[in-house]
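*Asks:*
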Amino acid sequence: MTFRQARNDEPLLIELPQEVDGTIGPSARVPEDLRRTELGIPNLEEFQVARHFTRLSQMNYGTDSGFYPLGSCTMKYNPKYAESLAASPKARRLHPQQPEETVQGALQILFELQEMLARVAGMDEVSLQPVAGAQGELTGLLMARAYFEERGEDRSEVVLPDTAHGTNFASATMAGYDVVEIPSKEGVVDLGALEGAVSERTAAFMLTNPNTLGIFESEALTIAKLVHAQGALLYYDGANLNAILGKTNPGKMDFDLAHFNLHKTFSTPHGGGGPGAGPVGAHGPLTEFLPLPLAAYDGVRYRLDYDRPKSIGKVRAFYGNFGVLLRAYAYITRMGADGLLRVTERAVLHTNYLRARVEEYLPVPFGGLRKHEFVASAAPLREKGVRAIDVAKRLIDYGIHPPTIYFPDLVDEALMIEPTESVTQEGLDAFVDAIALIKEEDPDRLRAAPQNAAVARVDEVSAAKRPILSWRMMDR
Amino acid sequence: MSEIPEDLRYTKEHEWVRLEGERAVVGITDHAQNELTDVVYVELPSVGDGFAEGQEFAVVESVKAASEIYAPVSGTVAEVNKELDDRPELVNDSPYEAGWLVIFDLKEKAKGLLTAGEYRDLVGG
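Protein chains in written order, with the working numbering: chain X, 1335 to 1810; chain S, 92 to 216.
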């Protein structure tokens, strides 16, 4: 398939012809001396605005456009039924300060979603408050802190494997802990290193299972024993939950705390940095520390429960991102338990098919089966001066979103590939065909890629050193 | 492949050391800058800060990753390369000369450093 993205020389809204008369005058009640004649905002017809954003959207690439194997991010398709529910006036016109008796349906959705997520994860209770995966991590660690404070235990460290997501390091630091990093052994947690690192100073060990190499940590129960033997907690980073739905869960693996990335596993939009949802689940005595409020049901009425004296309190205004929670609720109820199981089976099958076929062209360090993703290495191409970033950029020319690159850093020139369940076999084969072509292509051509996209190779050095964060900073 | 001057000493963490009497000039190797790719920011310590061997003393950030740099010797920071504030790319363009990071006043005699030959064996250059 030939891929050609629109390449419009689209001006900013403020640069478009501003020919609309200022027909809306200020209210007569606004005093003369407080009135402004120049507002400094675009003054345009509706059709100008609609065309502007349509042209921009033609230069974009999303899960509605094509294959999006961005490792770690689980860029699955976001179904339209969830979008139309969230867009319905019944959902959109709710106000967070409405009396509870007028929003019983919304509270029922929140309550049932809490219950369903708790069941998926094998946790006792879930709070929907955190609005991102990383906020879920921070919330979980603040709960761990409150838990140990109540017990009068002074624990200052969080232990992390070197395959951990960068957010784990940041969350532990934000929660006031010192980070202790342990090396992996053959792509999984080194039990000896873990035993050496966990002590009476350890508050928690955070683990992503399967890990960022897509490998299932099959010693999870031994890990739990080692961690619990020191009185520490085991935290499940839910970033890769899509790989185990209905097969196993954090509760069965003896985790004490877990977060969910609804925008990954439960198909809500990733949405350019927000809004997201990162609910947190807890087990046993830790449930008392969950952030407020939780939705509750007494058999007759739904309500918001604020009566939890040990809670770490609020981590977000109101009740999380309701529109996102509603989409996840729609997805889970539509899929059902059987459907979620098939999601995982298909995502894992796609990954292993793709891994086996990519391995014909590029090495995939650490052998064996994978769950939801795998990490290939572009290192063999270095001898002709081609690096992972060049492979990634050239994939764009073949109409494929690039994989994540240079993470995790224990694989040289890493290409982190996660196909998800939202792809056909033809789509997977097209990816392999593209890799096969790229491997033989002229290095200069690869370094000049992409050619067919709306935007050519971005100058990442300038972007990092002189970021232009708004049109006001732009010097044209 | 990468350049490894004979007159310098090295660490397994890809720092180089130029010993000048009681002082040591420190930077990252050609191999290291090539792995990191384009450097966009260097976070340096303050003059007078003391570091023990193996302690993190700087961070080099590239378009690919942020990497901690560990002190190859024990000592006090005598000078930092201020030029890197505006031109971090010197670490790429001239890792052994204009791209130096810090000069330490040695607290004790440097030990455990690799020779150019030993470092070459390590990186397969």
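Ideal Cβ positions, reconstructed from N, Cα and C, are used throughout, including at glycine.
#1: Considering only the beta carbon of each residue, do Thr220/S and His105/S sit closer than 8 angstroms?
#2: Along the alpha helix (DSSP H) that carries Pro1423/X, what are the first and last residues, could you check?
#3: Once you ignore the five residues that flank Tyr210/S on each side, which residues in its own chain have a CB closer than 7 angstroms to its CB?
#4: Please list the terminal residues of the continuous alpha helix (DSSP H) segment that includes Thr1599/X.
#5: What would DSSP say about Ser1645/X, mapped onto helix, strand or coil?
#6: Short check: CB of His1735/X to CB of Asn1576/X, under 8 angstroms?
#7: Here's a check: name, in chain order, each residue in its chain whose Cβ is nearer than 7 angstroms to the Cβ of Ile1723/X, leaving out the five neighbours to either side.
#8: Starting from the beta carbon of Val1795/X, find every residue of chain S whose beta carbon is closer than 7 angstroms, and list them in chain order.
#9: Taking the CB atoms as reference points, tell me whether Ala189/S and Leu181/S lie closer together than 8 angstroms.
#10: What I want to know is whether the C-beta of Val1745/X ends up closer than 7 angstroms to one or more non-hydrogen atoms of the ligand SAH.
#11: In chain S, which residues lie with their C-beta within 9 angstroms of the C-beta of Ala1798/X?
#12: Kindly list, in the order they appear in chain S, the residues whose Cβ is closer than 7 angstroms to that of Tyr1740/X.
#13: In or out: Gln1759/X buried (at least 16 other Cβ within 10 Å) or exposed?
#14: Which chain S residues are close to Asp1743/X, counting only those with a beta carbon under 7 angstroms from its beta carbon?
#15: Only counting the same chain, and skipping five residues up and downstream in sequence, which positions put a Cβ closer than 7 angstroms to that of Ala1573/X?
#16: On the DSSP letters alone, give me the boundaries of the alpha helix (DSSP H) that Glu1794/X sits inside.
#17: Looking at the structure shown, is Asp196/S part of a helix, part of a strand, or coil, going by DSSP?
#18: Does DSSP put Tyr1511/X in a helix, a strand or coil?
#19: Are the stretch 1661-1670 of chain X and the stretch 1440-1460 of chain X in contact at 8 angstroms, needing three or more beta carbon pairs?
#20: Please report the straight-line C-alpha distance between Glu1679/X and Ser153/S, rounded to a whole angstrom.
#21: Measuring only the C-alpha atoms, how far is Ala1690/X from Ala1681/X?
#22: Do Ala1798/X and Val108/S have their C-beta atoms within less than 8 angstroms of each other?
#23: Cα separation between Ala207/S and Leu197/S?
#24: Go ahead and label Arg1389/X buried or exposed: buried means 16 or more other beta carbons lie within 10 angstroms of its beta carbon, across all protein chains shown.
#25: So Thr1536/X packs on Arg1489/X, CB below 8 angstroms; how close in whole Å?
#26: Report all residues from its chain with a CB closer than 6 angstroms to the CB of Ser165/S; omit the five preceding and five following residues, and keep chain order.
#27: Do Thr1497/X and Thr1556/X have their C-beta atoms within less than 8 angstroms of each other?
#28: From this set, Leu1620/X, Val1493/X, Ser1552/X and Gln1469/X, which residue's C-alpha is nearest Arg1704/X's C-alpha?
#29: Taking the straight line between their C-alpha atoms, what separation do you get for Ala149/S and Gly1615/X?
#30: Note down the Cα distance separating Ala162/S from Val117/S, rounded to an integer number of angstroms.
#31: Whole-angstrom Cβ separation of Val1523/X and Pro1495/X, contact assumed at under 8 angstroms?
#32: Evaluate Glu1520/X with the Cβ neighbour count: other Cβ atoms within 10 Å of its Cβ, from every protein chain shown; 16 or more gives buried, anything less gives exposed.
#33: Between Ile1646/X and Pro1430/X, what straight-line distance do the alpha-carbon atoms span, to the nearest angstrom?
#34: Taking the alpha helix (DSSP H) that Val1677/X falls in, what are its first and last residues?
#35: Quick check: is the beta carbon of Asp1588/X nearer than 8 angstroms to any beta carbon in chain A?
*Replies:* Taking the definition as stated:
#1: With chain S running from 92 to 216 in the structure shown, residue 220/S is simply not present.
#2: Per DSSP, Pro1423/X belongs to the alpha helix (DSSP H) from Pro1423 to Arg1426.
#3: Closer than 7 angstroms at Cβ, skipping near neighbours: Ile95 and Tyr101.
#4: Annotation: the continuous alpha helix (DSSP H) that includes Thr1599/X extends over Leu1596 to Thr1599.
#5: Correct three-state label for Ser1645/X: coil.
#6: It is not a contact, given that the beta carbons lie outside the stated cut-off.
#7: Cβ neighbours of Ile1723/X within its own chain (closer than 7 angstroms, five residues either side excluded): Ile1739.
#8: Those within 7 angstroms of Val1795/X in chain S are Asp129, Val131 and Val154.
#9: With respect to the 8 angstroms criterion, Ala189/S and Leu181/S are classified as neighbours on the basis of their beta carbons.
#10: Among the components modelled here there is no ligand, and therefore nothing to report on the ligand SAH.
#11: Simply Asp129, Val131, Tyr132, Glu152, Ser153 and Val154.
#12: Within chain S, the residues near Tyr1740/X are Lys155 and Ala156.
#13: Of the other Cβ atoms in all chains shown, fewer than 16 fall within 10 Å of the Cβ of Gln1759/X; this residue is therefore exposed.
#14: What Asp1743/X touches in chain S: Ala156.
#15: The residues Ser1406, Gly1467, His1499, Thr1542, Asn1595 and Lys1598, in chain order, have a CB closer than 7 angstroms to that of Ala1573/X in the same chain once the five nearest residues on each side in sequence are set aside.
#16: Counting along the chain, the unbroken alpha helix (DSSP H) around Glu1794/X starts and ends at Glu1794 to Lys1799.
#17: Residue state, collapsed to three classes: strand.
#18: Tyr1511/X: coil per DSSP, three-state reduction.
#19: The stretch 1661-1670 of chain X is in contact with the stretch 1440-1460 of chain X.
#20: Our two residues, Glu1679/X and Ser153/S, have alpha carbons roughly 38 angstroms apart in a direct line.
#21: Their backbone Cα atoms lie some 14 angstroms apart in a straight line.
#22: With a cutoff of 8 angstroms on beta-carbon distance, Ala1798/X and Val108/S are scored as not near each other.
#23: Each residue's Cα considered, the two are about 21 angstroms apart.
#24: By the 10 Å Cβ count, Arg1389/X comes out exposed.
#25: Contact between Thr1536/X and Arg1489/X holds, with the beta-carbon distance rounding to 6 angstroms and staying under 8 angstroms.
#26: Ala143, Glu144, Lys198 and Glu199.
#27: Taking 8 angstroms as the Cβ cut-off, Thr1497/X and Thr1556/X do not qualify as a contacting pair.
#28: Comparing Cα positions, the closest option is Ser1552/X.
#29: C-alpha separation (whole angstroms): 38 angstroms.
#30: Computed Cα separation, rounded: 8 angstroms.
#31: About 5 angstroms separates the Cβ atoms of Val1523/X and Pro1495/X, confirming a contact at the 8 angstroms cut-off.
#32: Within a 10 Å sphere around the beta-carbon of Glu1520/X sit fewer than 16 other beta-carbons, which makes this residue exposed.
#33: Going by the C-alpha atoms only, they are around 21 angstroms apart.
#34: In the DSSP annotation of this structure, the continuous segment of the alpha helix (DSSP H) that includes Val1677/X starts and ends at Phe1656 to Val1692.
#35: Judged by its chain identifiers, the structure shown contains no chain A, and its protein chains are X and S.
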